[in-house]
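I have placed the structure first, in the form of structure tokens, so that the comments after it can refer back to it.
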Amino acid sequence: MAKDYYNILGVGKSASQDEIKKAFRKLAHQHHPDKEGGDVEKFKEINEAYQILSDEQKRKAYDQFGEAGVNGQGGFSGAGGFSWSDFARQAGFGDGNFQGGANFDLGDIFSDFFGGGARQGGARRRQARGADIHMDVDITFEEAAFGVKKNIELYKATTCSTCNGNGAKPGTPIKTCERCHGQGAVDHVQRTVLGMVHTQTQCPECHGEGKTAETTCETCRGTGSEKRNVKIEASIPAGIGDQQTLRLNNQGEAGERGATPGDLYVTLRVGKPKYNWIRQEDDILAPVELPFTTLVFGGKIAVPTLDGEFVVKVPAGTEAGKVLRLKGKGFSHLQSTGRGDHLVEVRVKVPKHLGGKEKRLLKDLHKLYTGEVAEE
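Take the sequence shown: its position 188, counted from the start at 1, is 1176 in the working numbering, and no numbers get skipped.
And the structure:
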């Protein structure tokens, strides 16, 4: 008995494509096999009807000649390289997931059955990008402040020096794959509960590239890369911080047969400063212990900085904890020009050992200030 595709979808012969799609989606939600109460045969029939009526050329042939006009072109005949995921997208189901009940991805189901077939498309496989490399590099406190160029040595996959990355022995041709005829995929026809399904899988001979080396390179054995020690110069910017990571584009492992290399990620470990400095963003806090008399009467002190030694004037009457600022003597700003400051924090140096004369003088001073006799 001839099938009435319009009647199957419940639409009239003058129905628009939007009306056909809407009717199909409603019925597909109602009958798909993954849903409780679903009907495999009904679902198959609905899909077959939609495949004909959603295609203007097939619909025209069906309207003119009936089912005979589209014999062999239906959704389950195996003709035309039918893709379940493409079919679902055309029907308005987004990426191929039927919503309303459990997620039902026909492409995934048939991939499980046939080794990745139903998502075919016939496209050649994109060659694999090289792997990223992660490593730590030690730099000094001063190098972090001013920036530095570092030579990094590492052992990694690089483009094959013999075949220049194409995987073929020099002087031998790269030919079209005989297995897939350059398509990168091979065809399969499988019988399923929903009929005969035409699928494609990645060609096992050329791994989806559509071409093979007639004679593989002896150095890299056809991979296009070889392991060796290399030196890379890394420009470390001024003002970098401890544990910050730099990305060096395309300095990772070589890609597969000429594909884009990976990246090199360098995490910096900044060493301790020579002095008891503390980095505060781009400023350097430098505690300095001074005799009590220097704070009282004032004076000049030599202060080490990133730029060498500087003489700093300590005003008379300076209190402990006061900060004397040397502008522009700190770390470079990482994101802008200029530098932070060198901050001299004044602290009182308490003598641990006093002579007899020093003790008498300090006792007299203590009595003068407090009116009390200092205890031993």
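Every residue, glycine too, gets a C-beta built ideally from N, C-alpha and C.
Cα-Cα separation between residue i and residue j, rounded to whole angstroms
i       : j       : result
Glu1366 : Val1125 : Residue 1366 lies beyond the stretch modelled for the chain, which goes from 989 to 1364, so this question has no answer here.
Val1300 : Leu1356 : 31 Å
Gly1309 : Glu1333 : 6 Å
Glu932  : Lys1138 : In this structure the chain extends from 989 to 1364, so residue 932 is not present and cannot be described.
Thr1128 : Lys1260 : 7 Å
Leu1041 : Lys1014 : 16 Å
Ala1133 : Gly1153 : 40 Å
Glu1007 : His1186 : 28 Å
Asn995  : Ala1003 : 11 Å
Gly1062 : Lys1048 : Summary for Gly1062: the model assigns pLDDT 40, below 50, so the residue's position carries little reliability, and this model does not support an answer.
Asp1352 : Asp1230 : 51 Å
Val1291 : Leu1322 : 25 Å
Ile1228 : Asp1271 : 13 Å
Asn1237 : Thr1150 : 24 Å
Lys1262 : Phe1319 : 15 Å
Gly998  : Ile1034 : 10 Å
Pro1339 : Lys1345 : 14 Å
Thr1160 : Thr1146 : 22 Å
Tyr993  : His1176 : 28 Å
Asp1043 : Glu1029 : 22 Å
Met1123 : Thr1164 : 40 Å
Lys1347 : Val1258 : 46 Å
Glu1166 : Pro1158 : 21 Å
Cβ shell of residue i (< 7 Å), same chain only, five flanking positions each side left out
i       : result
Pro1372 : In the structure as shown, the chain starts at 989 and stops at 1364, and residue 1372 therefore has no counterpart that could be examined.
Ala1119 : Gly1240, Glu1241 and Gly1250
Thr1293 : Leu1314, Lys1317 and His1330
Cys1148 : Cys1205, Thr1207, Cys1208, Gly1212, Ser1213 and Glu1214
Gly1026 : His1019 and His1020
Thr1282 : Val1302
Phe1280 : Val1336
Contact check, residue i vs residue j, beta carbons under 8 Å
i       : j       : result
Ser1213 : Ala1173 : no
Thr1207 : Ala1156 : no
Glu1269 : Gly1210 : no
Gly1305 : Val1276 : no
Glu1055 : Lys1001 : no
Glu1131 : Ile1224 : yes
Ile1266 : Leu1273 : yes
Gly1252 : Ile1121 : Reading the sequence as shown, one finds Leu at residue 1252 and not Gly. In contact: Leu1252 and Ile1121 (Cβ atoms closer than 8 Å).
Sequence-distant residues of its chain with Cβ nearer than 6 Å to residue i (five each side left out)
i       : result
Leu1234 : Val1254
Asn1217 : Tyr1143
Thr1248 : Arg1117
Tyr1038 : Phe1012
Asn1162 : The residue you asked about is not Asn; residue 1162 is Ile in the sequence shown. Hits under 6 Å: Ala1156, Lys1199 and Ala1201.
Cys1168 : Val1174 and Cys1191
Val1136 : Ile1224
Same chain, Cβ closer than 8 Å to residue i, five either side skipped, listed in chain order
i       : result
Phe1101 : Caution applies to Phe1101, whose pLDDT of 42 falls short of 50 and renders its modelled position unreliable; the value that the coordinates give is listed next. If we look at Phe1101 and ignore the five residues flanking it on each side, its Cβ neighbours are Gln1178 and Thr1180.
Lys1288 : Val1299, Val1300, Lys1301 and Val1302
Arg1335 : Pro1275, Val1276, Glu1277, Leu1278, Ala1308 and Gly1309
Glu1297 : Ala1290 and Val1291
Bridge partner(s) assigned by DSSP for residue i
i       : result
Glu1033 : Bridge partners of Glu1033: none, in fact.
Ser1213 : Thr1147
Taking one C-beta from the region 1159–1173 and one from the region 1182–1199 each time, how about it: are there three or more such pairs within less than 8 Å?
Yes, they touch.
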